[in-house]
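The structure appears right after this line, and notes come after that.
Residue numbers (UniProt numbering): 1 to 276.
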């Protein structure tokens, strides 16, 4: 497993905890990195759940950076409470600038999963000229039925994410349930409202132009339904969209039983973007 280094920076409203894989000295005699990959995690989780993804990308020639969003994982903030996702995107841009200070000349690939896919899409709308490629995994885009179903309810019911929806690999759900850095409680109303506002903003903020974009998702994604993601992707798609829909896969395709197939599709896409 690749050595990772944890570091911190000041976000819009508190300390953010970030992690880097594949930095100088951690890869032994491996060749110099070819690109930088940024990882944006999903709702209620944290960047520590992406060790396997980071290892795979480091082996592919990346330096990988990820950060716990506000109120998530080890970062500051009331647990899973986000009032404005524009602040989250601003924090992510600060994180990107700091992470890449020594490697600013390398191509930049942004990979976002679920809520992180929404954050990544908005980042691309705001800062797309910095990116060489964008990868969206099971992205929350267009609409999210969970938000629409929960917002009208008062109080918001104590309905945590069902771990069985994450992967066909039961060990993934078991690990998720046992992880103290994962949020296992109810959705928070301010976050639901912020999600709805961000989805609307993304939908009306234009397409991604010629930015090479890969969309990956499973046909059995019950947490973020494929039909909703497709509608959202269609709203922002530019002229360079590639999609890979994996039959039978659930929400976390990077943790699925065929995760190597999924990550191979990602690295092939990255290679193509780097060549162009």
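Here a beta-carbon is modelled for each residue, glycine too, at the ideal position from N, C-alpha and C.
Return yes when the Cβ of residue j is within less than 8 Å of the Cβ of residue i, no when it is not.
| i | j | result |
| --- | --- | --- |
| residue 254 | residue 133 | no |
| residue 83 | residue 190 | yes |
| residue 247 | residue 219 | yes |
| residue 211 | residue 131 | yes |
| residue 155 | residue 229 | no |
| residue 182 | residue 252 | no |
| residue 18 | residue 8 | yes |
| residue 202 | residue 79 | no |
| residue 95 | residue 67 | yes |
| residue 42 | residue 125 | no |
| residue 33 | residue 62 | yes |
| residue 192 | residue 176 | no |
Determine the closest residue to residue i out of the options, with distance taken between C-alpha atoms.
| i | options | result |
| --- | --- | --- |
| residue 163 | 15, 45 and 6 | 45 |
| residue 275 | 74, 3, 101 and 35 | 35 |
| residue 243 | 169, 136, 205 and 197 | 136 |
| residue 223 | 100, 113 and 181 | 113 |
| residue 74 | 214, 180 and 198 | 180 |
| residue 249 | 125, 265 and 168 | 168 |
| residue 158 | 187, 227, 176 and 144 | 187 |
| residue 77 | 221, 170, 13 and 227 | 13 |
| residue 16 | 257, 177, 89 and 110 | 89 |
| residue 221 | 256, 264, 234 and 194 | 256 |
| residue 144 | 32, 194, 97 and 110 | 194 |
| residue 272 | 204, 213, 234 and 161 | 213 |
| residue 204 | 175, 234 and 240 | 234 |
| residue 267 | 110, 81, 93 and 118 | 110 |
| residue 118 | 262, 245, 236 and 263 | 236 |
Assuming residue i and residue j form a contact by the criterion Cβ under 8 Å, report the distance between their Cβ atoms to the nearest whole angstrom.
| i | j | result |
| --- | --- | --- |
| residue 38 | residue 65 | 5 Å |
| residue 279 | residue 141 | In the structure as shown, the chain begins at 1 and stops at 276. Residue 279 is therefore absent and cannot be evaluated. |
| residue 208 | residue 238 | 4 Å |
| residue 85 | residue 198 | 4 Å |
| residue 1 | residue 55 | 6 Å |
| residue 100 | residue 108 | 7 Å |
| residue 40 | residue 120 | 5 Å |
| residue 10 | residue 20 | So it is not a contact: roughly 17 Å between Cβ atoms. |
| residue 216 | residue 265 | 6 Å |
(message) For a minimum of 3 consecutive residues, which ranges assigned as the beta strand (DSSP E) are wholly contained in the region 154-183?
(response) The region 154-183 contains no whole beta strand (DSSP E) run of 3 or more residues.
(message) Counting beta carbon pairs with one atom in the region 42-56 and one in the region 147-159, are three or more of them shorter than 8 Å?
(response) Verdict: no, contact absent.
(request) Output the residue ranges of the alpha helix (DSSP H) runs that lie fully inside the region 203-272 and measure 4 residues or longer, sorted by chain position. (result) Note on the region 203-272: whole alpha helix (DSSP H) runs with a minimum of 4 residues are 226-236, in chain order.
(message) As an exercise, report each continuous beta strand (DSSP E) stretch of at least 3 residues that is fully enclosed by the region 26-114, in chain order.
(response) DSSP runs (the beta strand (DSSP E)) wholly in the region 26-114: 35-40, 62-67 and 108-113.
(message) Report the start-end ranges of each beta strand (DSSP E) in the region 108-147 that is 3 residues or longer and not cut off at the edges.
(response) Counting only runs that start and end inside the region 108-147, the beta strand (DSSP E) elements of at least 3 residues fall at 108-113 and 133-137.
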